[in-house]
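A.B. asks:
Residue numbers (our numbering): 162 to 300.
1. Please classify residue 194: does DSSP put it in a helix, a strand, or coil?
2. Spatial neighbours of residue 163 within its chain, please: CB distance less than 6 Å, with the 5 preceding and 5 following residues excluded, ordered by chain position.
3. At the level of alpha carbons, what is the spacing between residue 201 and residue 211?
4. Exposed or buried, which one is residue 306 when buried takes at least 16 other CB atoms within 10 Å?
5. Mind checking who residue 287 pairs with in its DSSP beta bridge?
6. If we count the other Cβ atoms within 10 Å of its Cβ and call it buried at 16 or more, is residue 198 buried or exposed?
7. Could you tell me how far apart the beta carbons of residue 216 and residue 186 are, in whole angstroms, since I believe they sit closer than 8 Å?
8. Tell me residue 182's beta-bridge partners as DSSP assigns them.
9. Can you have a look at residue 250 and say buried or exposed, based on whether 16 or more other CB atoms are within 10 angstroms of its CB?
10. Look at the alpha carbon of residue 176 and the alpha carbon of residue 285, and state the distance between them as a whole number of angstroms.
11. Would you call residue 167 buried or exposed, if buried means 16 or more other Cβ atoms sit within 10 Å of its Cβ?
12. Less than 7 Å between C-beta atoms, sequence neighbours within five positions excluded: which residues of the same chain meet that for residue 196?
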């Protein structure tokens, strides 16, 4: 099993999640958007999109994960639980390759120097939000 999942719990945007899964040579993209309130409530499902992507899209995503050393990143910003930032957009990125699983969560990644993680989140945002613009609301 080869899966990456990105969850964005935006402060001033609707919560969404993106799952990209590689099955043999087929890349499955799954996007879910809710009508939740800016990081306060999850809301109800508004869009549920499932499409195939190109294998080059998977390779680009996998290369980014490897280049930023995602598997070695600490799950939280640092080891001090008193310095965890609890405000701002929360971005969660999960990876599962075979039996290797890891996740990283950060709040307001662009403001606190997490350039590598921010670049991964930006790739997911830019890579896949263009699909959201093409498909009308489901509900």
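All residues carry an ideal CB built from backbone N, CA and C; glycine is no exception. Everything numeric in this text was worked out from a predicted model, so none of it was measured.
C.D. replies: On the basis of the coordinates in this document:
1. strand
2. Beyond the five residues adjoining it in sequence on each side, residue 163 comes within less than 6 Å, by CB distance, of 183, 258 in the same chain, given in chain order.
3. 26 Å
4. The displayed coordinates of the chain run from 162 to 300. Any statement about residue 306 would go beyond what the structure contains.
5. Beta-bridge pairing links residue 287 to no other residue.
6. Note on residue 198: under 16 other CB atoms within 10 angstroms of its CB, so exposed under the neighbour-count rule.
7. 6 Å
8. 164, 189
9. buried
10. 14 Å
11. buried
12. 175, 204, 205, 207
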